[in-house]
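For the sequence shown, the working numbering assigns the number 63 to the initial residue and increments by one for each residue that follows.
Glycine is no exception: its CB is placed at the ideal position from the N, C-alpha and C atoms.
These notes concern the structure reproduced below.
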Amino acid sequence: MVLTAELRKAGRNAGEARRSVTVLGSTGSIGCSTLDLIERERERFDLVALVANRNVGALIEQARRLHPQFAVIGDATLYPELKAGLEGTGIEAGAGRDAVIEAALRPADWVMAGIVGAAGLAPTLAAVRRGAAVALANKECLVSAGAIFLTEVAKSGATLLPVDSEHNAIFQVLEADRLHAVDRIILTASGGPFRTWSREEMAGATREQAVAHPRWSMGAKISIDSATLMNKGLELIEAHYLFPVGEERLEIVIHPESIVHSMVAYMDGSVLAQLGMPDMRTPISYTLAWPHRMVTPAPRLDFAEIGKLSFEAPDPERFPALRLAREALRAGGAAPTILNAANEIAVAAFLAGHIGFLDIAATVEKVTSGLAARTAGPASLDDIYEIDRLARIQAEEVVHLVAR
Ligand SMILES: NC(=O)c1ccc[n+]([C@@H]2O[C@H](COP(=O)([O-])OP(=O)(O)OC[C@H]3O[C@@H](n4cnc5c(N)ncnc54)[C@H](OP(=O)(O)O)[C@@H]3O)[C@@H](O)[C@H]2O)c1
């Protein structure tokens, strides 16, 4: 397991001492949940930097409330507004891509990588390269740049703490010293809002229906990914990089109640699972307090009230995104980077009302099948950025054709 050695080292050193923290993507769903936890134990945490992209009003409000040293807005045109909003607070304001990287580079012990999409790759890597403990919510950077990302983690001695509820669950129940005894890793999926819908019904799904996740409250992009099940596909690739288990031993099961967050099956027939109410503050807290635990306001499980838990196999016909992600993982090379980039473009086009729900996976399939075989695997980060760029161009073309 790639995490183990570094985690043990960090675990020995961390104790329950005061911790300095930076939140990349502070105005998002993950960012707000993170700040909620920090605010509840304010005396334990020093805030170094908060980073958002365009939501300058929310960033100003957060900064005035929590008083970080540095507040950064990704969209440089919003700098005057941020500067004016922070006047008299003593908080330094920054704007633009370089300032986002600078925020990640400032010496915080712990960094929440909560920016959505491939835009999170450069700042997350900046935090990794200086050896920080990185709470990894942004799955796209691991999908897009997996092997290269992990090389950087190994080089710097950074600590990766998985935030995604499934990977956090596995992290909690994987007996790191008994990896040889692991039989399978089982990722659970809620099935999303269209779990019981036919393909015909999904063809007419609206943006509002697709973002209305039955269990989790999340940002728009991951909510759409959950509806197509691409989210589970991305998580499959993420799990492959985080945990040392071959693709064929990574299983997915639909679990509509979202109570069992994932499981590890061992060679003796035992299955260890992590359970909890669907509230991201639980996995975030596990990384924030790691290697300890902290109190969270997440609702407690009441088994008698829940009554029963159900599981079913995913349907690859209605949800082709799962197959596409598995194929990309098997193909390796440039395929996961292309899959991720094409998906980001297709999801944005759906959210903008340009294409239908089923066109999302169709677009990803067209781009990956056309481009992956013709593109050499990435040997460097520059290669990743170039493959990502080409895949986005191609996906835009496909979306444009579909939209007409
Ligand atoms: N939400 C969940 O429950 C959940 C669970 C597991 C994993 N994740 C993963 O966590 C990540 C964040 O998800 P989310 O649901 O929190 O997304 P979200 O609500 O859309 O928030 C995204 C955050 O990233 C910021 N951002 C976007 N582009 C940026 C850029 N170029 N530069 C700087 N900041 C940028 C946004 O700022 P603005 O607000 O200014 O746009 C916002 O703060 C995703 O990778 C997702 O897959 C989320």
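Hey, how far is the Cα of residue i from the Cα of residue j?
i, j, result
"L99", "T358", "7 Å"
"S227", "A360", "13 Å"
"M356", "E103", "9 Å"
"G90", "P440", "30 Å"
"E263", "G179", "28 Å"
"A125", "A393", "44 Å"
"I232", "S260", "32 Å"
"V205", "L443", "13 Å"
"V196", "R343", "16 Å"
"A375", "P345", "25 Å"
"A457", "T268", "21 Å"
"S431", "G266", "25 Å"
"L350", "K283", "24 Å"
"T151", "P276", "40 Å"
"M174", "Y141", "23 Å"
"K370", "P340", "16 Å"
"S380", "A414", "Here residue 380 turns out to be Arg, not Ser, going by the sequence shown. Each residue's Cα considered, the two are about 23 Å apart."
"T186", "L167", "9 Å"
"R385", "D377", "10 Å"
Whose C-beta lies closer than 6 Å to the C-beta of residue i among residues of the same chain, with five residues either side of it excluded?
i, result
"M325", "I248, V333, A335"
"A403", "D450, A453, R454"
"N405", "M292, V426"
"L337", "I321, V322"
"M280", "S91"
"L144", "V118, I135, A155"
"K428", "V460"
"A411", "I417, V461"
"G254", "S288, A289"
"S82", "D108, V110, A170, D171"
"V215", "V190, L222"
"T96", "V85, M174, I346"
State the DSSP-derived secondary structure class of residue i, mapped to helix, strand or coil.
i, result
"P224", "strand"
"D450", "helix"
"M264", "helix"
"L337", "strand"
"D108", "strand"
"F233", "helix"
"H323", "strand"
"R436", "helix"
"T151", "coil"
"E214", "helix"
"F419", "helix"
"E458", "helix"
"G156", "strand"
"I177", "coil"
"A195", "strand"
"E310", "helix"
"E374", "strand"
"R74", "Note that R74 scores 42 on pLDDT, short of 50, meaning its location in the model is unreliable; the coordinates nonetheless yield the value given after this. Three-state result, R74: helix."
"T84", "strand"
"D239", "helix"
"R363", "For the record, residue 363 in the displayed sequence is Leu; it is not Arg. In the structure shown, L363 sits in coil (DSSP, three-state: anything other than H, G, I, E or B)."
"R392", "helix"
Is residue i a contact residue of ligand 1, with contact defined as CB to any heavy atom under 7 Å?
i, result
"N405", "no"
"T186", "no"
"I284", "yes"
"I92", "yes"
"D450", "no"
"N117", "yes"
"D226", "yes"
"T89", "yes"
"I177", "yes"
"K201", "yes"
"W172", "no"
"V162", "yes"
"A181", "yes"
"V113", "yes"
"G295", "no"
"M280", "yes"
Sorted by chain position, which residues of the same chain lie with C-beta nearer than 7 Å to residue i's C-beta, five sequence neighbours on each side aside?
i, result
"H462", "none"
"V464", "I417, D421, T425"
"E448", "none"
"M63", "Residue placement at M63 is poorly supported in this model, since its pLDDT is 43, which falls under 50; the coordinates still yield a value, given next. Only L236, A238, L241, F305, P306 meet the Cβ criterion."
"P398", "V205, S206, G208, I299, A390, L391"
Between residue i and chain B, is the shortest Cβ-Cβ distance under 8 Å, so that the two count as touching?
i, result
"Y348", "Given the protein chain composition of this structure (a single chain), no chain B is represented."
Please return the same chain residues whose Cβ sits closer than 8 Å to the Cβ of residue i, not counting the five positions on each side in sequence.
i, result
"D245", "R311, A327, Y328, M329"
"S17", "Outside the displayed span of the chain (63 to 466) sits residue 17, for which this structure offers no information."
Counting Cβ pairs, one atom from each stretch, are 3 or more of them under 8 Å apart for the stretch 362 to 375 and the stretch 286 to 300? With a cut-off of 8 Å, the stretch 286 to 300 and the stretch 362 to 375 do not count as touching, because too few Cβ pairs lie within range.
Could you tell me whether the stretch 189 to 197 touches the stretch 205 to 225, using the rule of 3 or more Cβ pairs below 8 Å? Flag = yes, the stretch 189 to 197 and the stretch 205 to 225 touch.
When you compare the stretch 79 to 96 with the stretch 112 to 132, are there three or more beta-carbon pairs, one atom per stretch, that lie closer than 8 Å? The stretch 112 to 132 and the stretch 79 to 96 touch, with three or more beta-carbon pairs separated by less than 8 Å.
Does the stretch 170 to 186 come close enough to the stretch 198 to 216 to have 3 or more Cβ pairs within less than 8 Å? Taking one beta carbon from each stretch, the stretch 170 to 186 and the stretch 198 to 216 have 3 or more pairs nearer than 8 Å; the two touch.
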